[in-house]
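Trainee: Here it is, the structure in full.
So this is what it looks like as structure tokens:
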């Protein structure tokens, strides 16, 4: 019963393609992978997740960019109604496909028609079938094609040249594993163990999904898998956010607390910058508040005002010192030193000219002058009142040594007084006096460093920069003072260091700040005011804390942004639209006629032990699938109840029913379709495949000789031309193509043809004295001749009524059994005996040394056997043409 087209407006896959244009890019790429490869693997999931993330800019720095390749027409067979039937012509030039030869072409028979490729296990059938399955994008898990594992490993991909026909025109396609083949090859249907398992899906109780309808459920599962990955990442990032936030200690009532407590993807970095840190004024304010809120507010205010007073006093000292050490003051002092020095030098020069070596050294110097001035004062005030100094009158004595004055002494005293009354001496004296006054003034100026050290605790309101400026002023001022004092004392001028600007202003500011603090402290005595001050302090402390954790806070915001992006990615994994479309497609393509077709196919294939029906099944997430159900039981899968053979029949029925959905009549390829089936089901399947070969090309790979015979005999009975070949090993390589049946399955005529060819080959290689190879070739040929004679008995003498490879007795051929002449029997026995004497089946006596037949003898025996066959057929024909005269019955005339 050939499959008849059931034309649909389009195919499931083409409907999915049109629908997918509005789906996220990663889903479109996933659809391509599902259609091309039959599913999604772990590597696919990683890449699809990366594509999904890239859309929402969730990418890592080391992630390679993946180009989205959406599902397209090149991935699909042509739409029903527009696609043309495709038949396979040949496959060849295989490279890196198991151990199959690369210099061979495997041809396929005509379309419509039956092609059977027979071969024992390991003969190479599966290698060809795998290539066809991958190139034609058959359903089920794609097979893995390896190169020759017994040879040096190769990184080359498997490839083959596939020739196919479309609308009577041959098309050549070079197929490479992993590269999309010509989409028209997708019209070829392939059935093997993997596709059979696909029909009996294990995800739910024996669910069957028509071709293409399993794509969206797989996409839905892929969405679930991507969602799980994204949710896991969200959980990890959320856990990181929670863990980091747990280490933060802040007052939630402050502005900073409210900001940090409500961090989100929309939090601006500028909001954090605004609240992070304090300016100098705010820093002082925090210090004031911290001090004000300590201990007893009133006592604290009293202490603070005392500190302010100390600073005011110190500021006054700083001001005085700054004034005394001002540039103009220093310049005045330098002039006094210079003046005193110059006057002293002038006086010394005058003295040097008046006092020679006869005078004591030092006479006329300042020290001596002091002595002279003291003597004058003593004379005028005590010794000689109302007398001019020096007194040199009668009875006058020296006021120093109190000796009577002699003339020379008188002269010296007069000279000394004249010297002292000289102008230069007067100037020197006056300069020295002024310098002494300056020195006394400097002595009154105290150093500032010890004072500053005493005030260290009072300067806490100052910044470190301000305190450093004060310290610099004080240190330089003390150093300047020391240098000036030394200059005055030694009357040697050394330029003193400069001093910075006066620190009085900073100290006054600090004093004012302490006064403000004192007021705050005093006001803190009031409870309501204290609470406000405490809140203000908390706000400032929170801002100070925020600047320390600012980097962590900004990273936290980035984590919130990442979660937001991941949640956007999660929206792209929603499956509602997928489920809706899957339900829609199921209603469109899964019809009652389809279900009825399955019943028809199951009956045609001989499924009689189980009652299995196709029903609409509500799957996960609301997906509607078409499931295989057992009528007499519930809750059990078909695979749990059915035998392996019954499962294969169910899958084949589903496969054949699926063909009714296609409008084209492309080739069917079967790889060992009757595995685990008994002889009765083999025959039914053979009948079905031969029946289907009447309208399309049917290609069957099999290692089952009985099934091969069923296909062959049923094709002959149905008038279908069967193109049969077999694969065998050649040397160490499997897969050699040989036209026709293997020897055991050849017809009598084919065997005689092969024997004649073998006889000619033996004759060409025959030696005058046969060698071992000649003898073995001759014995093998006689073994074949004996087997052919036995096949003649089965096929010709007994007219194929009973055949060893067939499961039934063909009563319809019984009229061909018309007797057996004694001469034919004798000839047959002679020939068989002749074979027995030559074949390896018997070990000849060593002493006999029986002669081996010559090639001419073999030719004569083959000819005799052919004549016997011809005589039997002529006799049977003549006998069948003679009318049978019915015998008269008793009592009749």
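In the working numbering, the protein residues as written are 199 to 1091.
Just so it is clear, CB atoms sit at the ideal spot from N, CA and C, and this is done for glycine as well.
Given the structure is predicted, the values throughout are model-derived calculations rather than measurements.
(1) Secondary structure at residue 895, three-state DSSP: helix, strand or coil?
(2) Please classify residue 473 as buried or exposed, where buried requires at least 16 neighbouring CB atoms within 10 angstroms.
(3) Would you tell me roughly how many angstroms separate the C-alpha atoms of residue 716 and residue 735, rounded to the nearest one?
(4) Please return the same chain residues whose Cβ sits closer than 6 Å to the Cβ of residue 672, not counting the five positions on each side in sequence.
(5) Are residue 508 and residue 656 closer than 8 Å when you measure CB to CB?
(6) Over the uninterrupted beta strand (DSSP E) stretch that includes residue 750, give me the two end residues.
(7) From residue 667 to residue 677, what does the alpha carbon distance come to, in whole angstroms?
(8) Is residue 1075 buried or exposed, if buried means 16 or more other CB atoms sit within 10 Å of its CB?
(9) Cβ atoms of residue 449 and residue 457: under 8 Å apart, would you say?
(10) Which of the three DSSP states is assigned to residue 900 in this structure?
(11) DSSP state of residue 1070, grouped into three classes?
(12) Spatial neighbours of residue 636 within its chain, please: C-beta separation below 7 Å, excluding the five flanking residues on both sides.
(13) Please return the same chain residues whose Cβ sits closer than 7 Å to the Cβ of residue 697, not counting the five positions on each side in sequence.
(14) Going by CA-CA distance only, name the one from 939, 662, 811, 787 that's closest to residue 211.
(15) Ignoring anything shorter than 4 residues or poking outside the region 267 to 328, list the alpha helix (DSSP H) runs there in chain order.
(16) How far does the alpha helix (DSSP H) with residue 385 in it extend, from its first residue to its last?
(17) My output table needs one value for residue 907: the three-state DSSP class, helix, strand or coil.
(18) Just to confirm my understanding: we take residue 1072, look at its own chain, exclude 5 residues before and 5 after, and list those with CB closer than 6 Å. What are they?
(19) Flag this pair as touching only if the region 837 to 856 and the region 359 to 378 have three or more C-beta atom pairs under 8 Å; answer yes or no.
(20) By DSSP, does residue 343 sit in helix, in strand, or in coil?
(21) Considering just the uninterrupted stretch of the beta strand (DSSP E) at residue 927, what are its terminal residues?
(22) Return the CA-CA distance between residue 403 and residue 753, expressed in angstroms with no decimal places.
(23) What do you reckon, is the C-beta of residue 1059 under 7 Å from a heavy atom of the ligand ZN?
(24) For residue 601, which residues in the same chain have their Cβ closer than 7 Å to its Cβ, ignoring the five residues on either side in sequence?
(25) Please determine if the region 309 to 322 and the region 373 to 389 are in contact, where contact requires at least 3 C-beta pairs separated by less than 8 Å.
(26) Is it right to say residue 584 is buried, meaning 16 or more other beta carbons lie within 10 angstroms of its own, or is it exposed?
(27) Taking residue 395 as the reference, which of 851, 977, 917 has the closest Cα?
(28) Measure the alpha-carbon distance for residue 893 versus residue 792 and round it to whole angstroms.
(29) In whole angstroms, what separates the C-alpha of residue 213 from that of residue 226?
(30) Using CA atoms only, rank isn't needed, just tell me which of 483, 689, 459 is closest to residue 536.
(31) Could you check where the alpha helix (DSSP H) with residue 1096 kicks off and where it finishes?
(32) Per DSSP, residue 369 is paired with what?
(33) Considering only DSSP beta bridges, list what residue 810 is partnered with.
(34) May I ask which residues mark the beginning and end of the alpha helix (DSSP H) holding residue 433?
(35) Thinking C-beta only, is residue 235 closer than 8 Å to residue 340?
(36) Please look up how many angstroms separate the CB atoms of residue 940 and residue 316, rounded, as I've assumed it's under 8 Å.
Mentor: Checking against the coordinates, here is how it stands:
(1) Correct three-state label for residue 895: strand.
(2) So residue 473 counts as buried.
(3) A direct Cα-to-Cα measurement between residue 716 and residue 735 gives close to 16 Å.
(4) So the list reads 646, 647, 650, once near-sequence residues are dropped.
(5) Result yes, Cβ atoms of residue 508 and residue 656 sit closer than 8 Å.
(6) Looking at the DSSP string, residue 750 is not in any beta strand (DSSP E); the run it does join, the alpha helix (DSSP H), is 748 to 769.
(7) Cα to Cα, residue 667 sits roughly 15 Å from residue 677.
(8) Residue 1075 sits exposed, since fewer than 16 C-beta atoms from the chains shown fall within 10 Å of its C-beta.
(9) No.
(10) It is a strand residue.
(11) Looking at residue 1070 - three-state DSSP - the assignment turns out to be helix.
(12) So the list reads 531, 534, 686, once near-sequence residues are dropped.
(13) Contacts found: 523, 671, 674, 675, 678.
(14) Residue nearest to residue 211 within the set 939, 662, 811, 787 is 787 (criterion: CA-CA distance).
(15) For the region 267 to 328, not a single whole alpha helix (DSSP H) run of length 4 or above is found.
(16) Premise fails: residue 385 is in no alpha helix (DSSP H) and is neither H nor E.
(17) Assigned with DSSP and collapsed to three states, residue 907 falls in helix.
(18) Once the five neighbours on either side are set aside, residue 1072 has no close Cβ partner at all.
(19) Counting Cβ pairs under 8 Å, fewer than three are found: no touch.
(20) In this structure, residue 343 counts as coil in the three-state DSSP scheme.
(21) According to the DSSP assignment, residue 927 belongs to the beta strand (DSSP E) that extends over 920 to 928.
(22) For residue 403, the pLDDT reaches just 34, beneath the cut-off of 50, and the residue's location in the model is therefore unreliable, leaving the point undetermined.
(23) Ligands in the displayed structure: none, and consequently the ligand ZN is not present.
(24) Answer for residue 601: 595, listed in chain order.
(25) Contact between the region 309 to 322 and the region 373 to 389 is absent, because fewer than three Cβ pairs lie under 8 Å.
(26) Label assigned to residue 584: exposed.
(27) Out of 851, 977, 917, the CA that lies nearest to the CA of residue 395 is found in 851.
(28) Rounded to whole angstroms, residue 893 and residue 792 show a C-alpha spacing of 20 Å.
(29) Rounded to whole angstroms, residue 213 to residue 226 spans 13 Å at the Cα level.
(30) Looking at the Cα atoms, 689 is the closest of the given residues.
(31) Since the first residue shown for the chain is 199 and the last is 1091, residue 1096 is missing from the structure and cannot be characterised.
(32) 362, per the DSSP bridge assignment.
(33) According to DSSP, residue pairing for residue 810 in a beta bridge involves 828.
(34) Per DSSP, the unbroken alpha helix (DSSP H) holding residue 433 starts and ends at 413 to 444.
(35) A contact, by the Cβ cut-off of 8 Å.
(36) Their Cβ separation, rounded to whole angstroms, is 7 Å, which keeps residue 940 and residue 316 in contact under 8 Å.
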